[in-house]
Each structure stands twice: as C-alpha cells, then as structure tokens.
Amino acid sequence: MSSAHERRQDVWNDESSMEIERLESPAKRTEPINVALIDGSITWSIGLQERAEKAFTLPTPAGESPPFYIVRHRGVPFYYVHFHGVDFVSASGNVQVGFTRTWSALRVLGVRDVFSGAAAGSLHRDYRVGDIVVIDDFLDFSTHRPRSILMEIWERPPYIGAAFKEPTCPELRAILLQVAMSQYRDGRVHERGVLAQVEGHRFETPAEIRALKLLGGDFVAHHQASEAIYARELGMHYTALNFISNIGEGLEPGTAWASGEFARAHYALCTEILLDAVALAAQRTNTCTECPQPDTNPGNIRPEDVKLKPVWR
Numbered sequence: 000m001s002s003a004h005e006r007r008q009d010v011w012n013d014e015s016s017m018e019i020e021r022l023e024s025p026a027k028r029t030e031p032i033n034v035a036l037i038d039g040s041i042t043w044s045i046g047l048q049e050r051a052e053k054a055f056t057l058p059t060p061a062g063e064s065p066p067f068y069i070v071r072h073r074g075v076p077f078y079y080v081h082f083h084g085v086d087f088v089s090a091s092g093n094v095q096v097g098f099t100r101t102w103s104a105l106r107v108l109g110v111r112d113v114f115s116g117a118a119a120g121s122l123h124r125d126y127r128v129g130d131i132v133v134i135d136d137f138l139d140f141s142t143h144r145p146r147s148i149l150m151e152i153w154e155r156p157p158y159i160g161a162a163f164k165e166p167t168c169p170e171l172r173a174i175l176l177q178v179a180m181s182q183y184r185d186g187r188v189h190e191r192g193v194l195a196q197v198e199g200h201r202f203e204t205p206a207e208i209r210a211l212k213l214l215g216g217d218f219v220a221h222h223q224a225s226e227a228i229y230a231r232e233l234g235m236h237y238t239a240l241n242f243i244s245n246i247g248e249g250l251e252p253g254t255a256w257a258s259g260e261f262a263r264a265h266y267a268l269c270t271e272i273l274l275d276a277v278a279l280a281a282q283r284t285n286t287c288t289e290c291p292q293p294d295t296n297p298g299n300i301r302p303e304d305v306k307l308k309p310v311w312r
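If you're matching positions, the sequence shown starts at 0 in numbering that gives the first Met the number 0 and goes up one per residue.
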C-alpha cells in the first residue's frame, strides 16, 4: 500500500509536465494580481496547478523560488504555490523553499492578501474529524525555521517588533468565514481556533498532545503560524483554514483518522471555499486597520534603511 508521502510525491512529479519559466523579475501585467493561495495538504489532491495559465520561478536571496502558478477562479487571477515547493519534504526540512524563498517571492510580486490551507490534528474532543477551523490565534513552537523573514532577506534590518493584537487579518477572516458558513455542510465550522505549530514530520505523542492543549492550543499543524508572522512583517494580510483530519493521539481509543475517500471529498470542498474566498478578497477595498499597510515598504522601514541581500539561483 502506498504511503501518503509516495502519493504526494507523485503529485509533485506531475507538475514538471508544465513548462515553468525562470524569470529574473516579475512579468509586467496589465491585469494586477494581489492575492495568493498557499497550500500544504488540501489542494494537492485536487490538481489545482493543472488549471494554471502560467507557471514561473523567481530568484531570491535564498535561491530559486518554488513554482508559482497563475490560476483563475470566477474570472479572478491569483498566485498559487505549494508550501512544500516542488519536492515533498517535511516542514522542518523545507526552511528555504517553504519559507524564505516563498515569502521573498510573494513580497517581490506585490501580493496584498494571502490565504492558506492545511490539514490539522485536533487537541480536544470539541474539534472532530471533518470540522474546519478558521485560525484567529497561534502558538509557535518551531525551532529550525526563521523567526523573522526580515532577517533572512535584509542585510541589516532595523529592529521591528511586529504586533499581533489581531494575529490574522480580521477582514480576510470575515470573508473566509462567510464563505465557509454558507458552503460547508459536512461538518462544523469553528469561527475561532488557536493553532499550536510544531515542525513535523512526525506526529505528536499523547504527552505532547496533552501539553499543547494545556498551553491553550485547539489544534496542531506545521506551518501557518510562521506564515502569519511573515505576512505581518511584510505588510501583507493573512488568513488560514484548517481541515481537521485526525484526533490527537491519546484523546480517543486507537487512532482516529479521516479515511482516504472521506479526506479527498472534504479537501475538494475546502478547496472550493478557499477559491471563492480568494476571488472575493481580490475585489475588496482594503480598510483593515489591524494589519500593517506599508504599500511597497515592508515593515514600515524607510527606503534608505533597506539593503536587500543579493538574489541568487
């Protein structure tokens, strides 16, 4: 029987059939794109990249970016990128591609809004397999990935204390919740949830599940807390959806996982929710006062203070 790793690796290999252009800088467009969708485990089985009209990479201070796909939904173009890049590797082993390179490219592309999707494990019995959660807060227990994206792409960035009174964008959260509440019928939609981020690629022990719950977590996943931090530092608006695919070890007799068929069907539903939310966000007038709004000036740094690290492939 093939493992989840092998099934996902097949999907990444399939992507190579599409010509991916290596750009030196973003292509000029008459139709601007201001929204991106990052996904780790929901859309990979849907083949969203097969809908793309263009695929490209960009050089970054950490090397070549993962492929970015230009996809349309309801006539609205957006950027789509796999969190795991081209090759499926663990979150802790994918620091450069999944984090530094991806977010450096998002900044260069001038993205305003970022949506993210991922599967997650429940930390208590109130979150059941088949439920979805729209993140509103997080606990970051990662250790290997950059704590600040600015330290990775600037030579000597001045100290910037990113604020997290609202850890994710309230305007994007409202859009995602509106779509999820109206469309999702096969489980509950949790309007709020605290993500406990660990790095993977193994799953947690019963003791770790108990500890994460005691510390205030509602569910566990591997990359969206870092994404929320980088978005805030770079002046982007961010929100994320999680599909509860399993119950944490020790909370139920045996192991409670979504079956393959059940997961695929619900991933498809979650994908449509994310796509509809992306299309709505792309047409919004930004009035958010909680997230930084630095235009082209990430972190509100003065242009004369910015010295980017050189890009290389």
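We treat Cβ as the ideally placed atom computed from N, Cα and C, and that holds for glycine.
Item, Value
"Under the rule that 16 or more other beta-carbon atoms within 10 Å means buried, what is D135, buried or exposed?", "buried"
"Does the region 102 to 111 come close enough to the region 28 to 38 to have 3 or more Cβ pairs within less than 8 angstroms?", "yes"
"Could you name each continuous beta strand (DSSP E) segment of 3 residues or more that falls completely within the region 239 to 263, going from the start of the chain to the end?", "none"
"Would A54 count as contacting chain C if we go by Cβ distances under 9 angstroms?", "Considering every chain present, this structure includes no chain C. It has just one protein chain."
"What's the C-alpha gap between V193 and F137?", "5 angstroms"
"Can you tell me whether D275 is helix, strand or coil according to DSSP?", "helix"
"Please determine, among I272, T99, P25, P60, the residue with the shortest C-alpha to C-alpha distance to Y68.", "P25"
"Spatial neighbours of L176 within its chain, please: C-beta separation below 8 angstroms, excluding the five flanking residues on both sides.", "V133, V188, E190"
"Alpha carbons only, please: which of P65, Y229, K212 is nearest the one belonging to R144?", "Y229"
"Ends of the beta strand (DSSP E) at Y79?", "75 to 81"
"Using the C-alpha atoms, what's the distance from A117 back to L149?", "24 angstroms"
"Near R231, which residues of its chain fall below 6 angstroms by C-beta distance, leaving aside the five closest residues on each side in sequence?", "A161"
"Bridge partners for G39 per DSSP, in chain order?", "Answer is none; G39 lacks a bridge partner."
"How is the beta strand (DSSP E) around Q177 delimited, first residue to last?", "Element bounds for Q177: not the beta strand (DSSP E) but the alpha helix (DSSP H), 169 to 182."
"Determine the burial state of G74: buried for a count of at least 16 other Cβ atoms within 10 Å of its Cβ, exposed for fewer.", "exposed"
"Assess contact between the region 119 to 127 and the region 267 to 278, defined as three or more Cβ pairs (one per stretch) separated by less than 8 angstroms. Is contact present?", "no"
"If you measure between the beta carbons of V70 and I246, is that distance less than 9 angstroms?", "no"
"What is the DSSP secondary structure of Q282, counted as helix, strand or coil?", "coil"
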